[in-house]
Amino acid sequence: MSQQKTAEFDDLLKEDRSFPPPAEFARTAHVHDPAVYAQADRDPEAFWAAFAAELDWSRPWTRVLDWQPPHAQWFVGGQLNASVNCVDRHARGARRNKAAIIWEGEPGDTRTLTYFDLYREVSQFANVLKSLGVRKGDRVALYLPLIPELAIAMLACARIGAVHNVIFGGFSAESLRDRINDAQATLLVTADGGYRRGQIVPLKQVADEALQETPSIRHVVIVQRGDRSIPVHVMEGRDHWYHRLMQEASAKCDPEPMDAEDLLYILYTSGTTGKPKGIMHTTGGYLTGTYATTKLVFDLKDEDVYWCTADIGWVTGHSYVVYGPLANGATVLMYEGAPDWPDKDRFWALVEKYGVTIFYTAPTAIRAFMRWGTEWTARHDLSTLRLIGSVGEPINPEAWVWYYRVIGGERCPVVDTWWQTETGAIMITPLPGITTLRPGSASRPFPGITAEIRNERGETLEGAGGGLLVLTRPWPAMLRGIYGDPDRYVRQYWNRWGTDVYVTGDGAKRDADGNFWLLGRVDDVLNVAGHRIGTMEVESALVDHPSVAEAAVVGRAHEIKGQAIAAFVTLKEGQQPSKACADELKAHVAHKIGAIARPEDILFAADLPKTRSGKIMRRLLRDIAEGKALGDTTTLADPSVVARLKSQYEGQEG
Ligand code: WTA
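Reading the sequence shown from the start, the letters are residues 26 to 679 in our numbering.
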């Protein structure tokens, strides 16, 4: 654990405010008895099976768990279909006319789909996919803005047993290409464009660039999102308009019965190498995990209007915009655009307009709201809210308390939820009807989950203390592997202290009351505004530029984004450092990966600090980027390098 993180944590521990569950909330909550923890602990399989049994299965399972570390199979022998569970079972019952999705576009256009509407559209698009030759097990890439068609396409894939691979609409052509090729997707669904801060993001144009090097793609379906003003190139025979295909498609499509362990989707996420990993999630366990956590963590009820602000391009959108809430038959609000468009009160206008009751967002957004000030929140009636949540990065106590007071009106429990793309569902979280909240702590593992803190030697810490966070029991929504790279799955997550210990990559501390305080990544993964980015990915993008000889990337603390990217770059012989060059390198990274990876700072260095064995000392670079005193430099091959860099950096700042 770095010294910096320990210091931050010591500050956290001075945080002694606590907030017991409001009596009124506790009275009606799904979970009001803390005995749930002990029960789940005694028999986790029975705990999870009870939630699985609330889903619709076309064939019951014969065994809850088959655990051959590190490979788990859940609900062995069972068959079900995710689209049936998220759509049909509500559409044929009392929720038939209930709003499933209430959607608002950034320009203000709106749509509402009832469960019956969703049933029709999902079935129709499933037939479209079939008519284009998509079969069970085929991979379908989805590169779309946050529009209902994205959820429809995911569920349509699930209906016919195709594996979706959603690629965030902010990713570049190269990132899209690499993900399509790694998954060997045969069909791509995209759109003419989407809206972001009043601008149009021309997705099909970006996709066209990617499609030049994606030989596996046979067909492209284009959703018309815009007002036809966005130029779109349609390649005869390969490209098809969504609305035309839908007109001809039947609304009857029998769902494919899927084995519980059949692949539901692949989602790429950043790791410690330059190459993102295709995280695999399967049907039965994933649906059980997202269903159970959505119900209990958000205390979801039929009357709720539930809004998770995440983009569906990330795991939070998969689990808590689409699968979890729809499996529960909830009304889900989806909003396409930016929180500050056309003004900084857009989110609060949406909460008021739709009477949102549950609101789930990221700390980076909360810190931005805090900075914008209460003049924006005060314009709207937020009194419908009854629970608010946070996800994606550590939330600092100041932001937590602001969120609790200003957004939650001191009446809404705040659920700070820790989890990962790999875990599929929330792992550490309060249960709002029973947990006494501590600002900055995600409190404790969800029932049935066992988290431990270990030191570098792998010894489990009892009681209070800090170290590396591990999970020591399999759980239904856990990843089943990395697409196309079975060894990496074992090496990456289950290799450090035995094949039954999942290493999260996060540091954490536990206080004397058993609350967990998450401290962020301890590996080479950055978390910038809640987005996971690998240092190696950014470094590869930098050295791809013809002027760059070598690059080292670190995350430095950033007031709003949590972390910002600082890049140390050595230029090739004959290249001169300049502001123009720095800007060009930033643009180059944004073009290669996507705007989320654009470095905040570029620092030109004659040399990078390396150990005698040639490893770049990123820890020292982080200290320099954060303007901190330098720690131990004795292992450096040439200590003067780092001293020079530090004075150069300070000079630049001033
Ligand atoms: C971080 C997002 C502190 C953590 C769901 C994790 C958090 C990474 C929290 C996963 C939280 C997520 N408190 N840190 N409540 N939630 N993280 O895969 O470092 O995009 O490893 O999944 O985000 O990011 P991912």
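We treat Cβ as the ideally placed atom computed from N, Cα and C, and that holds for glycine. Model, not experiment: these values are computed from the prediction.
Item to complete: If I'm right that Val6 touches Pro634 with Cβ under 8 Å, what's the distance once you round it to whole angstroms?
Response: Nothing in the structure corresponds to residue 6, since the chain is present only between 26 and 679.
Worksheet item: To which residues of the same chain is Leu270 closer than 6 Å at the C-beta, ignoring the five residues directly before and after it?
Response: Residue numbering aside, residue 270 sits at position 245 when the sequence shown is read from its first letter. The answer, listed in chain order, is Val153.
Practice prompt. Measure from the alpha carbon of Ser254 to the alpha carbon of each residue in Asp217, Asp279 and Glu281, then state which is nearest.
Written response: Along the sequence shown, read from residue 1 onward, the residue named residue 254 stands at position 229. Among Asp217, Asp279 and Glu281, the Cα nearest to that of Ser254 is on Asp217.
Item to complete: Rank Asp370, Ser468 and Lys653 by C-alpha distance to the C-alpha of Ala582 and give the top, closest one.
Response: On the sequence shown, residue 582 is found 557 positions in, with the first residue counted as 1. Selected option, being the one with the closest Cα: Lys653.
Worksheet item: What are the start and end residues of each continuous alpha helix (DSSP H) run of 4 or more residues lying completely inside the stretch 490-576, in chain order?
Response: 511-518 and 560-568
Worksheet item: In terms of residues, what are the limits of the alpha helix (DSSP H) holding Glu199?
Response: The residue you call residue 199 lines up with position 174 of the sequence shown. Segment Ala198 to Ala208, the alpha helix (DSSP H) holding Glu199.
Worksheet item: Under the three-state reduction of DSSP, which class applies to Thr42: helix, strand or coil?
Response: Numbered from 1 along the sequence shown, position 17 holds the residue referred to as residue 42. For the sequence presented, residue 42 should be read as Arg rather than Thr. It is coil, neither helix nor strand.
Practice prompt. Identify the continuous beta strand (DSSP E) that holds Ala589 and give its terminal residues.
Written response: On the sequence shown, residue 589 is found 564 positions in, with the first residue counted as 1. Looking at the DSSP string, the run of the beta strand (DSSP E) that includes Ala589 is Gly587 to Leu596.
Discussion item. Whether or not the stretch 258-268 and the stretch 281-295 are in contact is what I'm after, with contact meaning three or more pairs of Cβ atoms, one per stretch, closer than 8 Å; do they touch?
Written reply: no
Worksheet item: I think Trp373 touches Trp339, with their Cβ atoms under 8 Å apart; what is that distance to the nearest whole Å?
Response: Within the sequence shown, the letter at position 348 stands for residue 373. Within the sequence shown, the letter at position 314 stands for residue 339. Actually they do not touch by this definition, with Cβ atoms about 23 Å apart.
Practice prompt. Quick one: using the 10 Å Cβ neighbour count with 16 as the cut-off for buried, is His115 buried or exposed?
Written response: To locate residue 115, count along the sequence shown from 1; it is residue 90. Buried: at least 16 other Cβ atoms inside 10 Å.
Worksheet entry | Glu418: CB within 7 Å of a non-hydrogen atom of the ligand WTA | Along the sequence shown, one-based indexing puts residue 418 at 393. Checking every heavy atom of the ligand WTA against the Cβ of Glu418, one is found closer than 7 Å.
Item to complete: May I ask you to report which of helix, strand or coil DSSP gives Glu129?
Response: Within the sequence shown, the letter at position 104 stands for residue 129. It is a strand residue.
Discussion item. Taking its Cβ as the centre, do 16 or more other Cβ atoms sit within 10 Å of Lys586, making it buried, or is it exposed?
Written reply: Walking along the sequence shown from the start, residue 586 turns up at place 561. So Lys586 counts as buried.
Worksheet item: Cβ of Gln445 versus every heavy atom of the ligand WTA: is any distance shorter than 7 Å?
Response: The count along the sequence shown starts at 1 and reaches residue 445 at position 420. Correct: Gln445 has its Cβ closer than 7 Å to the ligand WTA.
Item to complete: Report yes if the CB atom of Val440 is closer than 8 Å to the CB atom of Thr454, and no otherwise.
Response: Position 415 of the sequence shown holds residue 440. Position 429 of the sequence shown holds residue 454. Yes. Within cutoff.
Discussion item. Is the beta carbon of Ala566 closer than 8 Å to that of Lys617?
Written reply: By one-based count along the sequence shown, residue 617 stands at place 592. By one-based count along the sequence shown, residue 566 stands at place 541. Going by C-beta atoms, Lys617 is nearer than 8 Å to Ala566.
Worksheet item: Arg89 and Pro472 look like a contact to me (Cβ under 8 Å); what is the Cβ gap, rounded to whole Å?
Response: The residue labelled residue 89 in the question sits at position 64 within the sequence shown. The residue labelled residue 472 in the question sits at position 447 within the sequence shown. As written in the sequence, residue 89 is Val, which differs from the Arg given in the question. Their Cβ separation, rounded to whole angstroms, is 15 Å, which puts Val89 and Pro472 out of contact at 8 Å.
Practice prompt. May I ask you to verify whether the stretch 632-647 touches the stretch 601-617, counting CB pairs closer than 8 Å and requiring at least 3?
Written response: no
Worksheet item: Leaving out the 5 sequence neighbours to the left and right, which residues in its chain are closer than 7 Å to Val347 when beta-carbon positions are compared?
Response: Here residue 347 is taken as the residue at index 322 of the sequence shown, counted from 1. The answer, listed in chain order, is Ala176, Met179 and Ile337.
Worksheet item: With respect to the alpha helix (DSSP H) encompassing Arg371, which residues constitute its N-terminal and C-terminal limits?
Response: For the purposes of this step, residue 371 is taken as the residue at position 346 of the sequence shown. Where Arg371 is concerned, the enclosing alpha helix (DSSP H) stretches over Arg371 to Tyr379.
Practice prompt. Examine chain C for any beta-carbon lying closer than 8 Å to the beta-carbon of Tyr385, and answer yes or no.
Written response: The structure shown contains no chain C; it is built from a single protein chain.
Worksheet entry | Near the ligand WTA: Gly195 beta-carbon under 7 Å from a heavy atom | Counting from one through the sequence shown, the residue named residue 195 turns up at place 170. False, no ligand heavy atom lies under 7 Å from that Cβ.
Item to complete: Please list the segments of the beta strand (DSSP E) lying wholly inside the stretch 252-330, counting only runs of 3 or more residues, in order along the chain.
Response: 264-266, 288-294 and 302-307
Discussion item. I'd like to confirm something about Asn552: is its beta-carbon nearer than 7 Å to some heavy atom of the ligand WTA, or not?
Written reply: The residue labelled residue 552 in the question sits at position 527 within the sequence shown. Checking the Cβ of Asn552 against the ligand WTA gives yes.
Worksheet item: In chain order, what residues of the same chain lie with their CB nearer than 6 Å to the CB of Leu496, ignoring the 5 residues before and after it?
Response: Looking up residue 496 in the sequence shown gives position 471. These residues qualify, in order along the chain: Ala476 and Tyr527.
Worksheet item: Does the stretch 426-443 come within contact of the stretch 396-415, defined as at least 3 CB pairs closer than 8 Å?
Response: yes
Discussion item. Within a Cβ cutoff of 6 Å, which residues of the same chain sit near Pro664, ignoring the five residues on either side of it in sequence?
Written reply: Walking along the sequence shown from the start, residue 664 turns up at place 639. Thr658.
Item to complete: Can you tell me which of Gly449, Arg392, Ser468 and Gln445 puts its alpha carbon nearest to the alpha carbon of Val431?
Response: To locate residue 431, count along the sequence shown from 1; it is residue 406. Ranking Gly449, Arg392, Ser468 and Gln445 by Cα distance to Val431 puts Arg392 first.
Practice prompt. Return helix, strand or coil for Ile453, following the three-state DSSP convention.
Written response: Reading the sequence shown from its first residue, position 428 is the one you call residue 453. Strand.
Worksheet item: Where do the ends of the beta strand (DSSP E) carrying Asp441 lie?
Response: Here the question's residue 441 lines up with position 416 in the sequence shown. Looking at the DSSP string, the run of the beta strand (DSSP E) that includes Asp441 is Val439 to Thr442.
Worksheet item: Contact between the stretch 229-243 and the stretch 191-209: three or more CB pairs below 8 Å?
Response: yes
Fill in: Helix, strand or coil at Gln224 according to DSSP, with G and I counted as helix
As a position in the sequence shown, residue 224 is number 199, starting the count at 1. Correct three-state label for Gln224: strand.
Worksheet item: What does DSSP give as the partner residues of Lys617 in its beta bridges?
Response: In the sequence shown, counting from the first residue as 1, residue 617 sits at position 592. Lys617 pairs with nothing; no bridge assigned.
Worksheet item: Mind checking whether the beta-carbon of Ala502 lies closer than 7 Å to any heavy atom of the ligand WTA?
Response: Counting from one through the sequence shown, the residue named residue 502 turns up at place 477. No, the beta carbon of Ala502 sits no closer than 7 Å to any heavy atom of the ligand WTA.
Discussion item. Which residues does DSSP list as the beta-bridge partners of Thr386?
Written reply: Against the sequence shown, residue 386 aligns to sequence position 361. Note: Thr386 sits in a beta bridge opposite Ser415.
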